[in-house]
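See below for the structure under consideration.
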Amino acid sequence: MTHAQPIEIPLSKTKLLLLLIASLAFVALGVWLIISRTSHNEPFWAEQLFVKLVGCAAIVFFGICAFFIIRKLPDQRPGLIIDDEGLTDNSSGVSAGQILWADIEDISVLEIQRQKLIMLQVKNPQDYIDKQPSGLKRKLMTMNFRMYGTPLSISSNGLKISFDELLKMLNDYLAANNERRNNRT
1 MTHAQPIEIP LSKTKLLLLL IASLAFVALG VWLIISRTSH NEPFWAEQLF VKLVGCAAIV
61 FFGICAFFII RKLPDQRPGL IIDDEGLTDN SSGVSAGQIL WADIEDISVL EIQRQKLIML
121 QVKNPQDYID KQPSGLKRKL MTMNFRMYGT PLSISSNGLK ISFDELLKML NDYLAANNER
181 RNNRT
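Structure (structure tokens):
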């Protein structure tokens, strides 16, 4: 099965805006946790410290999320382009760019806190990490690689497509590519 035209999946500005609002709300919650006074009856200073650390973590994590979403909002390029060569991921602030079907060994689903991610297992993960122009992107992809066995993941959260539709489309394209490769040998 060859596809004449690439499939372009646009970014969903509505979904991105909702994600930005949620991220900023969690940043505000983190600030509140840091500046709110804890009860004087609090028996353990460690509990107070823990609350402050959670607040700091929320500010850092969701602040980074908000930063990447703000950078992505004005982007007019498609969020994902799928063609016979592979896919070009522009769906998030830490997307990998072009990923070749020939490099993809498997597609799996990872669910974290009811958030589904499409994980792309590739033959050469370090190559995809090394080609990233940003040091922050390389660090985040290295973290993903250590935790999940691949640096490459795609979320449908910022795209105008449902998770199930996207997963089916990627699996269909990968199967077609594998079939073409097997027919050549």
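In terms of the UniProt record's numbering, the sequence shown has 80 at position 80, counting the first letter as 1, and numbering is strictly consecutive. Backbone N, C-alpha and C define an ideal beta-carbon position, used for all residues, glycine too. Source: prediction; values computed, not measured.
**Asked** Taking 6 Å as the line, does the beta carbon of L33 fall inside it for any heavy atom of the ligand ADP?
**Response** With respect to the ligand ADP, the structure offers nothing, as it holds no ligand at all.
- Task: Would you kindly work out how many angstroms separate the C-alpha atoms of L167 and I69, rounded to a whole number?
- Result: 23 Å
Review point. Roughly how many whole angstroms lie between the Cα atoms of T150 and E111?
Key: 15 Å
Practice prompt. Might you give, ordered along the chain, the residues of its own chain that have their beta carbon closer than 6 Å to the beta carbon of D106, omitting 5 neighbours on each side?
Written response: If you ignore the 5 residues before and after D106, its C-beta comes within less than 6 Å of the C-beta of Q121, all in its own chain and listed in chain order.
* Taking only runs that begin and end inside the region 20 to 75, name each unbroken alpha helix (DSSP H) of 4 or more residues, in chain order. => Counting whole runs of 4 or more residues, the region 20 to 75 contains the alpha helix (DSSP H) stretches 45 to 72.
Distance, Cα to Cα, D83 vs K52? 47 Å
Checklist line | Inter-residue Cα distance where the pair is L152 and W101 | finding: 13 Å
Subject >> Reduced DSSP secondary structure (H/G/I, E/B, other) of K123 >> reply: In the structure shown, K123 adopts coil according to DSSP, grouped into three states.
Exercise for review: Can you grab the Cα-Cα spacing for the pair I104 / N90, in whole Å?
Suggested key: 17 Å
Give me the DSSP bridge partner(s) of E111.
K116
- [ ] Give the DSSP bridge partners of T88, in chain order.
- [x] DSSP output for T88 lists I81, Q98 as bridge partner(s).
Original post:
Hey, would you say Q98 sits closer than 7 Å to T88, going by beta carbons?
Top reply: yes
Q) In the DSSP assignment, what are the bridge partners of D106? A) Q121
message = Buried or exposed for M141, going by 16 or more other Cβ atoms inside 10 Å?
response = buried
Residue range of the beta strand (DSSP E) that includes L152: 152 to 154
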